[in-house]
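S.K.: Here our numbering is used: position 224 in the sequence shown is 686, and no number is missing along the way. Please read through the structure below; I'll follow up with questions.
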Amino acid sequence: ASTPLADGRVLVVGGTSSISIRMATAEIYDPNLGGWQPVPDMRQARDHHSATLLSDGRVLVAGGWDGFQAMSDVEVFDPRTFQWSAADSLAQARWGQSANALRDGSVLVAGGVGEGDMATDSVELFDSKSGRWTAAAPMLQARDGHTTTMLEDGRILAVGGVGVEGESLASAEVFDPAGGTWTAVGDLVEPRRAHTATLLQDGRVLVVAGSRNGMTPLSSAEVFDPTLGNRASAGSIADARWGHAAVLLPYGDVMVVGGFGFSALNAVETYRPGGGGWSSFDKAVRLKTPATRDAAVAKSGL
């Protein structure tokens, strides 16, 4: 997992090696220096975990897969001291979950793969001040491989993913931190997993690519209005992909980086809202080497 730090550096932790061994390694990429800094290893090797920036600048690493089972283990990294510390465990072990820092400083962890190797609707909240977890209202739909995006009003939009039968989902729902409830907000045009969902400057959400069956990448994109539940096609990217990264640029465009097509991609594409559409690598740049989501985030300084 990769996490932009408060000072602009990027922390990359865990993952899987080239020989499919789960890693405990951690390192920090400094875009100003264009290089990597070594960091002490995590206490537990893991991949498919979440790593969330807390309001005090620390990073909360939760859950994941250790190569044998889902994990409930949680640890916190302090980039000022380069130290790891243990934190209270999740109530439900999980991997492939989403995690979002809320405006009150807490962290919402939602879904993932839990007991029985099935998607879960379980949701937990981490209080960064007390270091404690509490149960939150479950999602309306069990899902993993989904996205959760903070909206302009602080609510969290959950989109797509994989359901309990292994099917890709088109459903979307919104969590309201004030009331602690989930509300259905309509469906996507196309079911998808391993996509990206980026908040645009007008409050809508751009949902890009992913996969419908877990094997074949999608090229389609759509714009979703979580307030009205409206959705519309946003055209197609040139290179179908899943497991990519996407970021909103300062002037309102969205840059899509890396991911898997039928192999790892170095292609970069940008989307301009308001009718501007997509521009491919001929108008953007390419990564020096192909990269999936975490590596793409670090290499592009996202």
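All C-beta atoms, glycine included, are put in the ideal place defined by N, C-alpha and C. Remember, predicted model here, so these are calculated numbers, not experimental data.
Contact check, S560 vs S590 under 8 Å by CB: the rounded distance?
M.R.: Here residue 560 is taken as the residue at index 98 of the sequence shown, counted from 1. Here residue 590 is taken as the residue at index 128 of the sequence shown, counted from 1. Their Cβ separation, rounded to whole angstroms, is 17 Å, which puts S560 and S590 out of contact at 8 Å.
S.K.: Apply the 10 Å Cβ neighbour rule to A553 and answer buried if 16 or more other Cβ atoms are within range, or exposed otherwise.
M.R.: Position 91 of the sequence shown holds residue 553. Classification of A553: exposed, given that the 10 Å Cβ count is below 16.
S.K.: For a quick check, are the C-beta atoms of R594 and D566 less than 7 Å apart?
M.R.: Here residue 594 refers to the residue found at position 132 when the sequence shown is read from its first residue. Here residue 566 refers to the residue found at position 104 when the sequence shown is read from its first residue. Not a contact, by the Cβ cut-off of 7 Å.
S.K.: Using beta carbons (cut-off 7 Å, strictly below), is W595 in contact with chain C?
M.R.: Protein chains in the displayed structure number just one, and chain C is not present.
S.K.: Which parts of the segment 615-648 are runs of the alpha helix (DSSP H), unbroken and 4 residues or longer, counting only runs that do not cross its ends?
M.R.: Correct list: empty.
S.K.: Helix, strand or coil for D687 per DSSP?
M.R.: As a working note, residue 687 is residue 225 in the sequence shown. If DSSP states are grouped into helix, strand and coil, D687 belongs with the strands.
S.K.: Could you have a look at D469 and say whether DSSP puts it in helix, strand or coil?
M.R.: Indexing the sequence shown from 1 puts residue 469 at position 7. Coil at D469, not helix or strand.
S.K.: Looking at A700: is its Cβ nearer than 7 Å to the Cβ of V719?
M.R.: Translated into the one-based positions of the sequence shown, residue 700 becomes position 238. Translated into the one-based positions of the sequence shown, residue 719 becomes position 257. No, they are not a contact pair.
S.K.: When you compare only the Cα positions, how much space is there between V472 and F588?
M.R.: As a working note, residue 472 is residue 10 in the sequence shown. As a working note, residue 588 is residue 126 in the sequence shown. Those two C-alpha atoms are separated by around 22 Å.
S.K.: Would you mind giving the Cβ-Cβ distance between R655 and G676, rounded to the nearest angstrom? I have them listed as a contact below 8 Å.
M.R.: Sequence index remark: in the sequence shown, residue 655 carries index 193 (1-based). Sequence index remark: in the sequence shown, residue 676 carries index 214 (1-based). Sure, about 7 Å apart at Cβ, within 8 Å.
S.K.: Does DSSP classify E586 as helix, strand or coil?
M.R.: For the purposes of this step, residue 586 is identified with residue 124 of the sequence shown, where counting begins at 1. Of the three classes helix, strand and coil, the one that applies to E586 here is strand, per DSSP.
S.K.: Where does E489 sit, in a helix, a strand or coil, going by DSSP?
M.R.: The sequence position of residue 489 within the sequence shown is 27, counting from 1. Strand at E489.
S.K.: Determine which residues share a DSSP beta bridge with L668 and list them.
M.R.: Reading the sequence shown from its first residue, position 206 is the one you call residue 668. T660 and V685, per the DSSP bridge assignment.
S.K.: Could you tell me the boundaries of the beta strand (DSSP E) in which G497 lies?
M.R.: For the purposes of this step, residue 497 is identified with residue 35 of the sequence shown, where counting begins at 1. G497 to V501 is the extent of the beta strand (DSSP E) around G497.
S.K.: By how many angstroms is the C-alpha of G737 removed from the C-alpha of T610?
M.R.: Taking the first residue of the sequence shown as 1, we reach residue 610 at position 148. Taking the first residue of the sequence shown as 1, we reach residue 737 at position 275. Those two C-alpha atoms are separated by around 25 Å.
S.K.: Which residue marks the beginning of the beta strand (DSSP E) containing M717, and which one marks its end?
M.R.: The residue labelled residue 717 in the question sits at position 255 within the sequence shown. That run of the beta strand (DSSP E) goes V716 to V719.
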